[in-house]
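Q: According to UniProt numbering, the stretch in the sequence shown is residues 1 to 344, in order.
Glycine included, every Cβ here is placed at the ideal spot set by N, Cα and C.
Dropping the structure in here first, questions after.
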Amino acid sequence: MAKGLDVGTMNLISAQQEGAETVFVQQRNSFVEIEYSDMAEQMLSRSDVLHIRKDDKVYVVGDDALNFANIFNEETRRPMQHGILSSEESSAIPMIKLITEQVVGQPNHPGERLYFSSPADPIDSNLSTLYHEKTLESMLGDMGYETEPINEGMAVIYSELANHNFTGLGVSFGAGMTNVCLSYYAVPVMKFSIARGGDWIDEQAAQATGTPVDKVTSIKEDDFELDFRTDVGGVEGALAIYYENLLDYVIENIAHEVDEEDVEEDLDVPVVVTGGTSSPRGFEKLFEDHLRDASIPFSISEVQSVDEPLYSVARGALVAARSDEEQEEGETGGRQAQESPAED
Numbered sequence: 001m002a003k004g005l006d007v008g009t010m011n012l013i014s015a016q017q018e019g020a021e022t023v024f025v026q027q028r029n030s031f032v033e034i035e036y037s038d039m040a041e042q043m044l045s046r047s048d049v050l051h052i053r054k055d056d057k058v059y060v061v062g063d064d065a066l067n068f069a070n071i072f073n074e075e076t077r078r079p080m081q082h083g084i085l086s087s088e089e090s091s092a093i094p095m096i097k098l099i100t101e102q103v104v105g106q107p108n109h110p111g112e113r114l115y116f117s118s119p120a121d122p123i124d125s126n127l128s129t130l131y132h133e134k135t136l137e138s139m140l141g142d143m144g145y146e147t148e149p150i151n152e153g154m155a156v157i158y159s160e161l162a163n164h165n166f167t168g169l170g171v172s173f174g175a176g177m178t179n180v181c182l183s184y185y186a187v188p189v190m191k192f193s194i195a196r197g198g199d200w201i202d203e204q205a206a207q208a209t210g211t212p213v214d215k216v217t218s219i220k221e222d223d224f225e226l227d228f229r230t231d232v233g234g235v236e237g238a239l240a241i242y243y244e245n246l247l248d249y250v251i252e253n254i255a256h257e258v259d260e261e262d263v264e265e266d267l268d269v270p271v272v273v274t275g276g277t278s279s280p281r282g283f284e285k286l287f288e289d290h291l292r293d294a295s296i297p298f299s300i301s302e303v304q305s306v307d308e309p310l311y312s313v314a315r316g317a318l319v320a321a322r323s324d325e326e327q328e329e330g331e332t333g334g335r336q337a338q339e340s341p342a343e344d
């Protein structure tokens with residue numbers, strides 16, 4: 001057995017194989033603080049709302065946090081910001097630990113292999129991912145897993161481009177960051193992240209329209225469509241404007257990094273776009289139109305999206321973990337066969 005884990009700013013998602021099916025477990029990576037009372041504690045426990053008590057406060061965690069935030073007109077708090085653990089949130093580590101335990105559960109056996117996603121250092125920010133990566137590695141190791149970080153963009157390629165020999169450009173539009181990886185036969189040629197994603201869109205749209213950020217997030221996740229027929233001035237119109245701006249920004253940086261890395265011009269590769277921020281209808285077509293208009297020195301054979309973009313990174317992490325585990329088992333079996341005495 002092995003597991004994959006997508007450690008996202010907006011969601012934590014695990015993946016594991018059960019028979020012929022891949023099973024996903026998901027929790028929103030957020031929490032909200034409410035005043036403690038005996039009655040509130042009893043009601044939360046009876047309703048199976050994920051929460052913890054600390055002194056005179058109760059923290060509602062995961063999927064229920066957004067519901068509570070909207071009811072009480074509060075803003076949710078996040079253990080992560082810009083794709084990594086938040087340095088501004090004092091409760092970041094205990095909260096993400098609680099959510100992670102709910103998502104991945106205990107290992108099926110001691111030392112079970114678990115690959116977790118980690119972003120590349122952003123090229124447009126001085127943020128470092130090292131502390132984030134090592135903290136998660138230690139936390140998951142304490143739970144009993146044998147862990148390995150995997151670049152988020154590479155996880156997309158493992159998940160979606162097996163039919164192309166793991167060759168292509170994977171772009172994961174997350175909440176905190178956008179991760180990009182160009183791979184050639186499963187070898188990363190170029191990988192980087194950009195410190196903008198779905199949260200940036202929500203924050204800009206909220207500021208432009210005077211709407212609470214959590215309300216903007218709810219609107220975006222509730223059948224929002226990139227059709228550009230929305231009335232100017234509303235939240236959906238603002239979302240469309242900032243979606244298009246983000247795509248231009250990402251593609252501009254892809255073109256710049258391709259030039260910097262001196263990527264072979266004769267390449268003809270597929271592009272796959274995933275991540276929760278890519279979920280709105282019309283996203284794939286808009287991205288393809290903007291990408292084909294850009295000056296990129298290699299050819300794009302196709303731009304493809306996936307049926308469940310939210311699960312791509314977790315699925316890719318699982319593919320890598322299972323491959324690693326199977327290789328290790330094969331090597332162990334080979335050594336055992338060599339060490340066994342030949343029968344007379």
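Can the beta-carbon of Gly62 be found less than 8 angstroms from the beta-carbon of Arg28?
A: Position 62 of the sequence shown, counted from the first residue, corresponds to residue 62. Position 28 of the sequence shown, counted from the first residue, corresponds to residue 28. Result yes, Cβ atoms of Gly62 and Arg28 sit closer than 8 angstroms.
Q: Tell me which residues share the same chain as Ala205 and place their Cβ nearer than 7 angstroms to its Cβ, disregarding the 5 neighbours each side in the sequence.
A: On the sequence shown, position 205 is the one that residue 205 refers to. Taken in chain order, the residues that qualify are Val216, Val235, Ala238, Leu239 and Tyr242.
Q: Does the separation of the CB atoms of Thr22 and Arg315 fall below 8 angstroms?
A: Position 22 of the sequence shown holds residue 22. Position 315 of the sequence shown holds residue 315. The answer is yes: Cβ separation under 8 angstroms.
Q: Please check the pair Ser14 and Val104, which I expect to be a contact at CB under 8 angstroms, by giving their CB distance rounded to whole angstroms.
A: On the sequence shown, position 14 is the one that residue 14 refers to. On the sequence shown, position 104 is the one that residue 104 refers to. Contact holds; Cβ gap of about 5 angstroms.
Q: Is Met190 near the ligand NAD, in the sense that its beta carbon is under 7 angstroms from a heavy atom of that ligand?
A: Of the ligands one can find in the structure shown there are none, so the ligand NAD has no counterpart to examine.
Q: Here's the rule: buried if 16 or more other CB atoms are within 10 angstroms of the residue's CB, otherwise exposed. What is Ala162?
A: By 1-based counting over the sequence shown, the position of residue 162 is 162. Exposed, because fewer than 16 other Cβ atoms sit within 10 Å of the Cβ of Ala162.
Q: Please report the distance separating the alpha-carbon of residue 350 from that of Ser45.
A: Beyond the ends of the chain as shown, which are 1 and 344, falls residue 350; an answer cannot be given.
Q: For Asn151, does the three-state DSSP call read helix, strand or coil?
A: The residue given as residue 151 occupies position 151 in the sequence shown. If DSSP states are grouped into helix, strand and coil, Asn151 belongs with the strands.
Q: How big is the Cα-Cα spacing for Thr129 and Asp121?
A: The residue labelled residue 129 in the question sits at position 129 within the sequence shown. The residue labelled residue 121 in the question sits at position 121 within the sequence shown. Rounded to whole angstroms, Thr129 to Asp121 spans 6 angstroms at the Cα level.
Q: Which residue or residues does DSSP assign as beta-bridge partners of Lys57?
A: Within the sequence shown, numbered from 1, the residue matching residue 57 stands at position 57. According to DSSP, which records beta bridges pairwise, Lys57 is partnered with Glu35 and Lys54.
Q: With distances taken between CB atoms, is the gap from Glu75 to Ser118 smaller than 8 angstroms?
A: Against the sequence shown, residue 75 aligns to sequence position 75. Against the sequence shown, residue 118 aligns to sequence position 118. No. Outside cutoff.
Q: Is Ala294 helix, strand or coil by DSSP?
A: In the sequence shown, counting from the first residue as 1, residue 294 sits at position 294. Under the three-state reduction of DSSP output, Ala294 falls in the coil class, being neither helix nor strand.
Q: Assign Lys220 to buried or exposed, taking buried as 16 or more other Cβ atoms, counted over all protein chains shown, within 10 Å of its Cβ.
A: Within the sequence shown, residue 220 is the residue found at index 220, counting from 1. With 16 or more Cβ atoms within 10 Å of its Cβ, Lys220 is classed as buried.
Q: If you draw a straight line from the alpha carbon of Val49 to that of Asp64, how long is it in whole angstroms?
A: What you label residue 49 is simply residue 49 of the sequence shown in a count that begins at 1. What you label residue 64 is simply residue 64 of the sequence shown in a count that begins at 1. Roughly 7 angstroms separates the two Cα atoms.
Q: State the DSSP-derived secondary structure class of Leu106, mapped to helix, strand or coil.
A: The residue you call residue 106 lines up with position 106 of the sequence shown. With the sequence shown as reference, residue 106 is identified as Gln, and Leu is not the correct amino acid for it. Residue state, collapsed to three classes: coil.
Q: Report yes if the C-beta distance between Val250 and Ile296 is below 8 angstroms; otherwise report no.
A: If you number the sequence shown from 1, residue 250 lands on position 250. If you number the sequence shown from 1, residue 296 lands on position 296. No, they are not a contact pair.
Q: Quick one: is Pro79 buried, meaning 16 or more other Cβ sit within 10 Å of its Cβ, or exposed?
A: Locating residue 79 in the sequence shown gives position 79, counting from the first residue. Pro79 is buried by the Cβ-count criterion.
Q: Leaving aside the five residues before and after Glu33 along the sequence, list all residues of the same chain whose C-beta is less than 6 angstroms from its C-beta, in chain order.
A: Your numbering for residue 33 matches position 33 in the sequence shown. Cβ neighbours of Glu33 beyond the five flanking positions: Lys57 and Tyr59.
Q: Taking the beta strand (DSSP E) that Asp268 belongs to, which residues open and close that run?
A: The residue you call residue 268 lines up with position 268 of the sequence shown. Segment Asp268 to Thr274, the beta strand (DSSP E) holding Asp268.
Q: Is it true that the stretch 256 to 265 meets the stretch 302 to 313, where meeting means three or more beta-carbon pairs spaced less than 8 angstroms apart?
A: no
Q: Pull up the CB-CB distance for Tyr158 and Leu114, whole angstroms please, since I reckon it's below 8 angstroms.
A: Taking the first residue of the sequence shown as 1, we reach residue 158 at position 158. Taking the first residue of the sequence shown as 1, we reach residue 114 at position 114. Actually they do not touch by this definition, with Cβ atoms about 15 angstroms apart.
Q: Would you call the stretch 132 to 151 and the stretch 90 to 100 touching, i.e. three or more CB-CB distances under 8 angstroms?
A: Yes, the stretch 132 to 151 touches the stretch 90 to 100.
Q: Is Gly234 helix, strand or coil by DSSP?
A: Residue 234 sits at position 234 when you count from the first residue of the sequence shown. Correct three-state label for Gly234: coil.
Q: If you compare alpha carbons, which of Glu203, Ser278 and Lys134 is closest to Gly170?
A: Mapped onto the sequence shown, residue 170 falls at position 170. Ranking Glu203, Ser278 and Lys134 by Cα distance to Gly170 puts Ser278 first.
Q: Going by DSSP in three states, Asp121 sits in which element: helix, strand or coil?
A: In the sequence shown, the residue the question calls residue 121 occupies position 121. Correct three-state label for Asp121: coil.
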